[in-house]
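A.B. asks: Below are the structure tokens for one structure; questions will follow.
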Amino acid sequence: PPLTPVDRNLPLPLSWAQQRLWFLDQLDRAAGAAYHIAAGLRLRGQLNRDALQATLDRIVARHEILRTHFVLHKGQAIQLIAPAAQGFALATHDLRSLGSTAQHEAVERLAREES
Numbered sequence: 001p002p003l004t005p006v007d008r009n010l011p012l013p014l015s016w017a018q019q020r021l022w023f024l025d026q027l028d029r030a031a032g033a034a035y036h037i038a039a040g041l042r043l044r045g046q047l048n049r050d051a052l053q054a055t056l057d058r059i060v061a062r063h064e065i066l067r068t069h070f071v072l073h074k075g076q077a078i079q080l081i082a083p084a085a086q087g088f089a090l091a092t093h094d095l096r097s098l099g100s101t102a103q104h105e106a107v108e109r110l111a112r113e114e115s
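Residues in the sequence shown are numbered consecutively from 1, following full-length UniProt numbering.
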């Protein structure tokens, strides 16, 4: 059958591959971590927060998968795609008042909380 466009603003069924990953995640929540690649960056110098926010917003708007989340609806897993205009929720923490050791500890704690 020919492919037909679907309304991306409506809930969508999961693909077979997504169903498999959803099922495995339901069996073992920690298993999903295998599909996430965490990275940390050390930025030096003055941070242009507005430019960083605009850049992340553009990336998220361009790549639908970064706006997609999965929910259980009436016993069935579905995917919901947030609008492109939603943007990226950039959290910032000013650690300049902390000493070097305390900064390092705070960064480690925040990284654990975000992962």
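C-beta atoms are modelled at their ideal positions from N, C-alpha and C, and glycine is treated no differently.
What do you get for valine 6, buried or exposed, if any count of 16 or more other CB atoms within 10 angstroms of its CB means buried?
C.D. replies: To locate residue 6, count along the sequence shown from 1; it is residue 6. It counts as exposed.
A.B. asks: Counting along the chain, where does the beta strand (DSSP E) carrying isoleucine 81 start and finish?
C.D. replies: Position 81 of the sequence shown holds residue 81. It spans 76–81 - the beta strand (DSSP E) in which isoleucine 81 sits, taken as one unbroken run.
A.B. asks: For histidine 73, which beta-bridge partners are listed by DSSP?
C.D. replies: Start at 1 with the first residue of the sequence shown, and residue 73 comes out as number 73. Paired residues: Gln76.
A.B. asks: Count Cβ pairs between the stretch 74–81 and the stretch 89–107 that sit closer than 8 Å; are there 3 or more?
C.D. replies: Result no; under three Cβ-Cβ pairs closer than 8 Å.
A.B. asks: Who pairs with proline 13 in a beta bridge, going by DSSP?
C.D. replies: By 1-based counting over the sequence shown, the position of residue 13 is 13. Partner(s): Ile78.
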